[in-house]
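**Q**
2 protein chains.
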Amino acid sequence: MRNLNQDTITQAVIERFSHTPDPRLKEIMTSLVQHLHAFAREVRLTEEEWFQGIQFLTDTGHITDDKRQEFILLSDTLGLSMLTVAMNNDKPAGCTESTVFGPFFVESAPEYKNGDDVANGATGLPCQVRGTVKGLDGTPVPNARMNVWQADAEGNYDVQYADLAHAQARGVLHADDQGRFHFKTILAEAYPIPSDGPVGRMLKATANHPWRPAHLHFMIEAPGYQRLITHVFRNRDQYLDSDVVFGVRQSLVADWEQQPDGSYLLEYDFVLNPEK
Amino acid sequence: MRNLNQDTITQAVIERFSHTPDPRLKEIMTSLVQHLHAFAREVRLTEEEWFQGIQFLTDTGHITDDKRQEFILLSDTLGLSMLTVAMNNDKPAGCTESTVFGPFFVESAPEYKNGDDVANGATGLPCQVRGTVKGLDGTPVPNARMNVWQADAEGNYDVQYADLAHAQARGVLHADDQGRFHFKTILAEAYPIPSDGPVGRMLKATANHPWRPAHLHFMIEAPGYQRLITHVFRNRDQYLDSDVVFGVRQSLVADWEQQPDGSYLLEYDFVLNPEK
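In the order they appear, the protein sequences are chains A and B. Quick note on the working numbering: the first sequence kicks off at 123 and runs consecutively. Quick note on the working numbering: the second sequence kicks off at 123 and runs consecutively.
1) State buried or exposed for A244 of chain B, treating a residue as buried only when at least 16 other CB atoms are found within 10 Å of its CB.
2) Grab the span of the alpha helix (DSSP H) containing K326 of chain A for me, first residue to last.
3) Should Q133 of chain B and R163 of chain B be called a contact, given that it needs their Cβ atoms to be closer than 8 Å?
4) How long is the line joining the alpha carbons of G183 of chain A and K148 of chain A, rounded to whole angstroms?
5) What does a CB cutoff of less than 7 Å around T152 of chain A pick up in its chain, not counting 5 residues either side in sequence?
6) Secondary structure at L309 of chain B, three-state DSSP: helix, strand or coil?
7) Given this structure, state the Cα-to-Cα distance separating F392 of chain A from A215 of chain A, to the nearest angstrom.
8) What do you get for M201 of chain B, buried or exposed, if any count of 16 or more other CB atoms within 10 angstroms of its CB means buried?
9) By the DSSP assignment, the alpha helix (DSSP H) with P70 of chain B in it spans what residues?
10) Let's see if you can read the secondary structure: which residues bound the alpha helix (DSSP H) around N210 of chain A?
11) I'd like to know whether the C-beta of A327 of chain B is nearer than 8 Å to at least one C-beta of chain A.
12) Going by DSSP in three states, E389 of chain A sits in which element: helix, strand or coil?
13) Taking the CB atoms as reference points, tell me whether Q372 of chain A and N278 of chain B lie closer together than 8 Å.
14) For the putative contact between A160 of chain A and P143 of chain B, defined by C-beta atoms under 8 Å, what is the C-beta separation to the nearest angstrom?
15) In whole angstroms, what is the alpha-carbon distance linking G301 of chain B and E192 of chain A?
16) Any Cβ of chain A within less than 8 Å of the Cβ of A160 of chain B?
17) Work out the CA separation of V367 of chain A and A208 of chain A for me, nearest whole Å.
18) Any beta carbon of chain A sitting closer than 8 Å to that of T186 of chain B?
19) Using only CA atoms, which one of B:L309, B:D238, B:F178 and B:K256 lies nearest to N395 of chain B?
20) Pick out the complete beta strand (DSSP E) segments inside the segment 230 to 272 of chain B, 3 residues or longer, and give them in chain order.
21) So, are the CB atoms of T307 of chain B and V240 of chain B less than 8 Å apart?
22) Could you pull out every residue in the same chain whose Cβ sits closer than 8 Å to the Cβ of D359 of chain B, ignoring the five residues on either side in sequence?
23) By DSSP, does H141 of chain A sit in helix, in strand, or in coil?
24) Using the beta-carbon of each residue, which ones in chain A are nearer than 8 Å to S153 of chain B?
25) Name the DSSP beta bridge partners of E343 of chain A, please?
26) State the DSSP-derived secondary structure class of Q380 of chain A, mapped to helix, strand or coil.
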């Protein structure tokens, strides 16, 4: 394996990975090498561009920590996240659709009871959220565990505040035995994804805005059903057709209705897909 | 741009990058998105595998610092570095071939004079290196600036020792006005690339060894000529046909001849390619 040139190296690298014991890893490495090389060959990547790529990935790694995940932002903005979600969540009609997970989920968020205020001091207009978790046939799913999280009125998630020690606008709830849930929070607003890092530079260089339409994140788990990771998007948001992470599905768009007292109300039911 | 599915998202993402002002960046982003999505679609990447990929890149970023470049190691071991070198260094026959840059080059290495010992305390068997820098017609190229660097007898470059404050087995030399250079150093030995990080885990999981055949790095610069980045490889090394970074070219393999006093001598001439 000497004197590899641009025409022979791809096959040599694939050969090198051909002894991988795990067949799935072998399949992934083989496909990755083929497509990575095909990209470099198609654009005739220069050595300087190769180094800029190395530097971009290095910067992406260095800005990533336990509270910021720039690689997920990169995957989101290149459409890879939504492609992966779409491929893996081909559900029967009637089920709530999935969308991207995003980089701001936190394990072990505080537990709340139905009726509690998950805002916990986050800035924003007062809002109530209520609905039912159901199966495909309309039967309520009892006691589903629901993670909810969202940005505040400034467009930041709690983890983006370096000196904030407690969770805000984030929590774990449980639907009751009739599948019903209700909680207080703040009104979801459109916000730009963090743009002070490599992904922000990429968006700027490609003349793209960094905005996401207003949304509220949900992760819903119940025994016998597939885990649902999704958002509810706010109707009439100006970014619904240009979401920087390609996540909008029409079935997830809902009205947040303003109430006589000025607060908002979102009513939304979720339909879970049975486990196979 | 709502309701994107696995069949429509790639075109939507490409559309998003279609307003990129710099035409070269637009070309690169378009090709990157196509090949990245094609990879994910071909293997039907699962959400768990997607997250493992995010975690792998995160780990690669976190182990990378100003002395360790795991992204270059990753590029090297996936054959991307050598592919890029091969595409960009298609030179006339007779020129010294290029090979991978590697992750261990350091800017501003100490300056030495011809005859000096660049080992500077590095462990290894004593060795002399000499030769001439020439043009394609055999005419000497005077006063070329030459960066040389190599691993020590333990298989480590100086930058891999956390508590070593000075350069070892690394330096900048200048050929004389007849193109001649000579310096002392240590014998090049085969060594494994760093295997305590994500790239090491990838090699292990794919049943690949981490070894590179013994080599001495050169970067040679002279006005009017293309910069040459290459190694000289040591003949009869057991890893010449399985270099973990795919860098071996037969024309770069040379004998390190053992001398009566036990030391080694490498004689090697470099032929530079004129600038276009």
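Even glycine gets a Cβ: it sits at the ideal position worked out from N, Cα and C.
**A** In short, the structure shows the following:
1) buried
2) P320 to A327
3) no
4) 26 Å
5) I136 and F139
6) coil
7) 13 Å
8) For the sequence presented, residue 201 of chain B should be read as Gly rather than Met. Counting Cβ neighbours within 10 Å, G201 of chain B comes out buried, since at least 16 surround it.
9) Lying outside 123 to 398, the shown extent of chain B, residue 70 of chain B is not represented and no answer is given.
10) L202 to N210
11) yes
12) strand
13) no
14) The Cβ separation is near 26 Å, so there is no contact.
15) 49 Å
16) yes
17) 13 Å
18) yes
19) B:K256
20) 248 to 256 and 267 to 271
21) yes
22) A312, P335 and A336
23) helix
24) F161, E164 and V165
25) A:R267
26) strand
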